[in-house]
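Numbering-wise, the sequence shown is residues -39 to -1, 1 to 278 according to mature numbering (1 follows the signal peptide of the UniProt record, and there is no 0).
Below: the structure, in structure tokens.
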Amino acid sequence: MNRFSLRTRTGRMRFANRKSIAVVALAGGLLASSLVANGQEVIPLYAGSVPNAKVSDIQESGAETGVLKGITKPTLAYFKPAPDKASGTAVIVIPGGGYGVVVYQGEGINIAKALAEKGVAAFILKYRLPSEAIMADKKIGPLQDAQQAIKLVRENAAKWGIDASKVGIMGFSAGGHLASTAATHFEKAYVENASNTSLRPDFQVLIYPVISMRDSLTHGGSHDNLLGKNPSRQDVDLFSNELQVRANTPPTYLTHAADDKLVDVDNSIAYFEQLRRQKVPVEMHIYPKGDHGFIFRHPGWMDPLFAWMKVNNWVKN
């Protein structure tokens, strides 16, 4: 593989040239029970009532394909690493789907298994999709679930053999927007947090992420599903996460394909630039080809991610 790297004082932007690799198909034909069975433990996200929820007769669907919608009862599916491999690091995995579905199998279960194999405790977040039918305020519902996931994992760290200072977040596509929202909006709690548990992820991993809600960058479906077709300028700016980067934003790993026709690579580049300017440690890998969802066509895409995690002591050397 030919590779060109651009290094800065706080970050590294890497461009890779890979030969085409055979497509890895998204597994289908799952039964609802198999989605649960793949996780070693399925944990309700909220012990009591779900915040910001409205009474609805909407039912969850999509278990047979691994692409979910109609989620009203968010959960975490815990994939536990083998004791001899465990690093103490945890990652909350947020699948994408344009804020219209959750690609639970391909960007959830498959990823959680790979993380657990490397000694990382993986928690797949099955989050509520923004909908006025089930939420009083749809734009904050997914963020509430992401914050609650961080809170739940951190508060149960000792029980699950996790280092509470090594809790990261990982998101794909619109799940990348949600992950980057959690990583830039942690100073305001959108969930009950009487114990004042830190809601800040210790690191963020974003794969072909939607970052911005601004018209020049955003993915239209994600924008409309989260904010509506005519949002206020205030909401657009608030959820354009490149505008929310601060010096305390967590260390970041970004990866994208330059030929992504669904979510423009400029989302990742804009975020990288803001992180670099704020002196937040950041590394980005841009593949010249692969389009959106390239993880299904580049089986080796996680190798540089694990190298980055080793350098930062989030996985064992």
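Virtual Cβ for every residue (Gly too), placed ideally from N, Cα, C.
Would you say D163 and S126 are within 9 Å of each other, going by their C-beta atoms?
In this structure, S126 lies closer than 9 Å to D163 by Cβ.
Taking only three categories from DSSP, how would you classify T179?
Coil.
For the candidate residues A82, P249 and E203, whose alpha-carbon lies nearest to that of K120?
Closest option to K120, Cα to Cα, is A82.
Applying the criterion that 16 or more other CB atoms from any shown protein chain within 10 Å of the CB defines a buried residue, is residue 287 buried or exposed?
The displayed coordinates of the chain run from -39 to 278. Any statement about residue 287 would go beyond what the structure contains.
With a threshold of 8 Å, are at least 3 pairs of Cβ atoms found where one atom belongs to the region 134 to 148 and the other to the region 187 to 207?
Taking 8 Å as the limit for Cβ pairs, the verdict is that the region 187 to 207 does touch the region 134 to 148.
Since I believe I4 is in contact with L37 (beta carbons under 8 Å), could you give me their beta-carbon distance rounded to a whole number of angstroms?
5 Å between Cβ atoms; contact.
Within 10 Å of its beta-carbon, does R161 have 16 or more other beta-carbons around it, so buried, or fewer, so exposed?
Buried, since its Cβ has 16 or more Cβ neighbours within 10 Å.
Specify whether the region 50 to 70 and the region 14 to 22 touch according to this definition: at least 3 beta carbon pairs, one from each stretch, less than 8 Å apart.
They do not touch, by the three-pair rule.
I need the straight-line Cα distance from G23 to V64, nearest angstrom please.
The straight-line gap from Cα to Cα measures roughly 10 Å.
Where K222 and L178 are concerned, what is the direct C-alpha to C-alpha distance, given to the nearest angstrom?
In a straight line, the C-alpha of K222 is about 12 Å away from that of L178.
With a Cβ-Cβ cutoff of 9 Å, do Q109 and P212 count as a contact?
No, Cβ-Cβ distance for Q109 and P212 is not below 9 Å.
Within this structure, are the beta carbons of V152 and K112 separated by less than 9 Å?
Contact: yes.
Can you tell me which of the three DSSP states S22 falls into?
It is a strand residue.
At 3 residues or longer, what runs of the beta strand (DSSP E) sit wholly inside the region 28 to 94?
Segments of the beta strand (DSSP E) lying fully in the region 28 to 94: 36 to 40, 51 to 55 and 82 to 87.
Check H259 in the structure and name its three-state DSSP category.
The answer is coil: DSSP assigns H259 none of H, G, I, E or B.
Kindly indicate which residue of I130, V171 and D220 has the alpha-carbon position closest to the one of P249.
The shortest C-alpha separation from P249 is found at D220.
Out of S141, S156, L90 and M174, state which residue places its alpha-carbon closest to the alpha-carbon of V166.
Nearest option by C-alpha distance: S141.
Would you mind stating whether A231 and H253 have Cβ atoms separated by less than 9 Å?
No, Cβ-Cβ distance for A231 and H253 is not below 9 Å.
Which residue marks the beginning of the beta strand (DSSP E) containing Y248, and which one marks its end?
It spans V243 to Y248 - the beta strand (DSSP E) in which Y248 sits, taken as one unbroken run.
Would you mind listing the beta strand (DSSP E) stretches within the region 109 to 136 that are 3+ residues and don't spill past its ends, in chain order?
128 to 133, all fully within the region 109 to 136.
Apply the 10 Å Cβ neighbour rule to A8 and answer buried if 16 or more other Cβ atoms are within range, or exposed otherwise.
With fewer than 16 Cβ atoms within 10 Å of its Cβ, A8 is classed as exposed.
Going by the CB atoms, is the gap between H138 and L187 shorter than 9 Å?
Yes.
Tell me which same chain residues have a C-beta within less than 6 Å of the C-beta of K277, skipping the five on either side of it?
So the qualifying residues of the chain are S48 and G80.
Apart from the five residues on each side of it in sequence, which residues of its chain come closer than 7 Å, Cβ to Cβ, to R1?
The question names Arg, but residue 1 is Gln in the sequence shown. Result list for Q1: Y39, F40 and K41, in chain order.
Taking the C-alpha atoms as reference points, what is the distance between residue 279 and A14?
Given that the chain is displayed from residue -39 to residue 278, the structure contains no residue 279 and the question cannot be resolved.
Considering only residues of the same chain and omitting the five flanking positions on each side of N274, which have a CB-CB separation below 6 Å?
Excluding sequence neighbours, N274 sits near nothing in its chain.
Going by C-alpha distance, which of G122, E116 and H184 is nearest S156?
Cα-wise, what sits closest to S156 is E116.
Identify whether T210 lies in helix, strand or coil by the three-state DSSP scheme.
Note: T210 maps to coil in three-state DSSP.
Which of the three DSSP states is assigned to T145 in this structure?
Three-state DSSP puts T145 in a helix.
To the nearest whole angstrom, what separates the beta carbons of L104 and Y60, a pair I think is in contact under 8 Å?
Not a contact, Cβ separation roughly 11 Å.
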